[in-house]
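Chains as they are written, first to last, in my numbering: chain A, 1 to 320; chain H, 1001 to 1217. Below is one structure, written out as structure tokens; comments come after it.
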Amino acid sequence: MSRHLISAADLSRDDALAILDTAAELALLAQRPIPKLPTLRGRTVVNLFYEDSTRTRISFEAAAKRLSADVINFSAKGSSVAKGESLKDTALTLEAMGADAVVLRHSASGAPHRLAGWVRGSVINAGDGTHEHPTQALLDAFTMRSRLGRIAGLRVAIVGDILHSRVARSNVWLLRTLGAEVTVVGPPTLLPIAIGSWPCAVSYDLDSALPQSDVVMMLRVQHERMTDAYFPSVREYSRRYGLSGDRLARLPGHAIVMHPGPMNRGVEIAADVADSARSTIVEQVSNGVAVRMAVLYLLLGGAAEPAPELAAAASGRDMP
Amino acid sequence: MAAPRPAQPAAAGPAPAASFAAGQARSGGKALLGPEEIRRALTRIGHEILERTDGGSDVVLLGIPTRGVPLARRLAARLDQTEGLSVPVGSLDITLYRDDLRLRPARALGHTEVPESGIDGKIVILVDDVLYSGRTVRAALDALTDIGRPRVVQLAVLIDRGHRELPIRPDYVGKNLPTSRREAVRVYLSETDGEDLVTLQAGQEAGHRGGGPRTPK
């Protein structure tokens, strides 16, 4: 695995499976009376959040703390960023404090990529603009695998605001790597122009996509990024692309409903669907901690680069 | 016991290297123990466990992945055959507790599975293939603390090859093998490697196994 986690598209199948397998073991450890591990003692993880976030920030914080890392939380509000400090200067400050990993959430697509060039530690993308949100895609894949037993061959419909969704982009790439068949569904105004180059099918009609889906992933309508009139009214969007109880009944019996949160109940997903037994929304949150622990462990748990003689030693043995 | 997960996922990452090394060892190494010797050693350990734990009640066997796990299962089968005693068996992965994590790239985790009856107040017997520096056992003791509070913790190993780096000693030993630090002891088990065999290879300090981490000099 590379030193950073910036894009789900960078992950090879082996990398992704290593993260999911590690997360599966770590999820079991979380059920113990003492769900704390000494593995990252003495390492410092900085949560650098330029955008509001509840679950992602708390999830990364919980993951780092369960592995005994020290956590420094930084949110742009109330910091020197409010005084006009640039990302680079903030990064150099963190570097001087000895951050081993920086978890970055930023409104600008590509910010983690820039940051990776400025700091020595690992950079983990916790969502950048409309680009990617790789740990969300990993926890979604983890949830699919734990509910349905596999990912390869699953038919996954990702529904809604694809244009603004970093979750959709990360999921499309990761699920393709893991062998699922993805269909993105949404109104033409909410699909990116380059959707033809994505490794997925495209549909404008939710009702025809539902009966052939093992997984339906509903995306949030991102009102804060809606600077144009993408659809006539929220009500019309909800009628054509919202997952109602009637639509839920058209899914195959084993199919699951996912949502990355936060939900707009009554817009993209009906309240009773969100609370139904087929919804994995709460599971996704708890799986998020295990997946982020796995990412932190795999990025920070070992040596940055093995010395040659150690690499030779490691290849000659499997387990002491 | 819960469904055995026979070293498949745990060994998935390192398996190619291991089988490559195994091929070398089996052609170049000196065979020390064959299937019969391994079987007899385990039978004897089984009897010793019964003697030293007052008939084996309250015993929980925890194998340390990879090869401690099948050894623990075999010991449990012995106890069942000789005394009709059904002993809980589990596995205890120590990767996250190792003291040499920063010396190598992050490793794949093994599987930890604690029997449902738990370990509180029990006699926990850790089972591993080779005892060497003692660092693996130290990590296992740390891992145990996070799971519960056994009444007694004991250690059973198939091979004790000496060269301890910590004040740790085994309670049950299949065979004491005086070795040099430059030699490598390899244990193959039919569950993980297709055959039962213990070999000694000369002059491969880097490729040793069974003893836990070595500090790079």
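C-beta atoms are modelled at their ideal positions from N, C-alpha and C, and glycine is treated no differently.
| Query | Result |
| --- | --- |
| Start and end residues, alpha helix (DSSP H) containing K65 of chain A | R55 to R66 |
| Pairwise C-alpha distance: G1194 of chain H and N125 of chain A | 43 Å |
| C-alpha gap between A1025 of chain H and R1067 of chain H, whole angstroms | Only weak support exists for where A1025 of chain H lies, its pLDDT of 46 falling under 50; the coordinates are left without a value. |
| D10 of chain A to T143 of chain A span [Cα, whole Å] | 21 Å |
| is_contact[G1023 of chain H, chain A] using C-beta, thresh 8 Å | Because the pLDDT at G1023 of chain H is just 45, under 50, the model does not fix this residue reliably, and the value given afterwards should be weighed accordingly. No, G1023 of chain H does not count as interfacial toward chain A. |
| Listed by chain order, chain A residues near Y1097 of chain H by CB distance under 9 Å | L37, P38 and T39 |
| Chain-ordered neighbours of I158 of chain A on chain H, where CB pairs are closer than 8 Å | Chain H residues near I158 of chain A: none, gap ~29 Å exceeds 8 Å. |
| Helix, strand or coil at A229 of chain A [DSSP, three-state] | coil |
| As assigned by DSSP and simplified to three states, the class of I1147 of chain H | coil |
| Segment contact, 8 Å Cβ cut-off, at least three pairs: the region 119–133 of chain A with the region 166–184 of chain A | yes |
| Alpha carbon of V215 of chain A to alpha carbon of A141 of chain A, nearest angstrom | 11 Å |
| Unbroken stretches of the alpha helix (DSSP H), 4 residues or longer, contained in the region 92–154 of chain A | 111–116 and 134–148 |
| C-beta neighbour in chain H for L148 of chain A, strict 8 Å | no |
| Where the beta strand (DSSP E) through I1123 of chain H begins and ends | I1123 to L1131 |
| Given 8 Å, three or more beta-carbon pairs between the region 1138–1156 of chain H and the region 1177–1184 of chain H | no |
| Unbroken alpha helix (DSSP H) run spanning R250 of chain A, endpoints | Careful: R250 of chain A lies outside any alpha helix (DSSP H) and carries neither H nor E. |
| C-alpha gap between M218 of chain A and S244 of chain A, whole angstroms | 11 Å |
| Residues that T1112 of chain H contacts on chain A, provided the C-beta gap is smaller than 8 Å | E25, L28 and L29 |
| First and last residue of the uninterrupted beta strand (DSSP E) at R1186 of chain H | A1184 to Y1188 |
| Nearest-angstrom Cβ-Cβ length linking L174 of chain A and A16 of chain A, presumed shorter than 8 Å | 6 Å |
| Proximal chain H residues relative to L298 of chain A, where beta-carbon distance stays under 8 Å | A1106 |
| Rounded separation between A96 of chain A and G121 of chain A - CA only | 11 Å |
| Coil, strand or helix - G196 of chain A by DSSP | helix |
| Helix, strand or coil at T1066 of chain H [DSSP, three-state] | coil |
| Closer than 8 Å to chain H by CB, R3 of chain A | no |
| Local conformation of L206 of chain A per DSSP, three classes | helix |
| Minimum C-alpha distance to G1162 of chain H - residue among H:S1180, H:E1037, H:Y1172 and H:R1151 | H:S1180 |
| 8 Å Cβ cutoff met for L178 of chain A and I151 of chain A | yes |
| Contact under 8 Å by Cβ, A322 of chain A with E132 of chain A | Residue 322 of chain A lies beyond the residue range present for chain A, which begins at 1 and ends at 320; the question has no answer from this structure. |
| At least 3 beta-carbon pairs within less than 8 Å: the region 1102–1114 of chain H vs the region 1123–1139 of chain H | no |
| Classification of V282 of chain A by the beta-carbon crowding that lies within 10 angstroms, buried from 16 upward | exposed |
| L299 of chain A - DSSP class collapsed to helix/strand/coil | helix |
| Rounded Cβ spacing between L148 of chain A and L139 of chain A (contact assumed at less than 8 Å) | Wrong, their Cβ atoms sit about 15 Å apart, outside the cutoff. |
| Alpha-carbon to alpha-carbon, P1088 of chain H and S1117 of chain H | 8 Å |
| Cβ-Cβ distance between T54 of chain A and A294 of chain A below 8 Å | no |
| Among A:G98, A:R220 and A:D228, nearest to N264 of chain A - alpha-carbon criterion | A:R220 |
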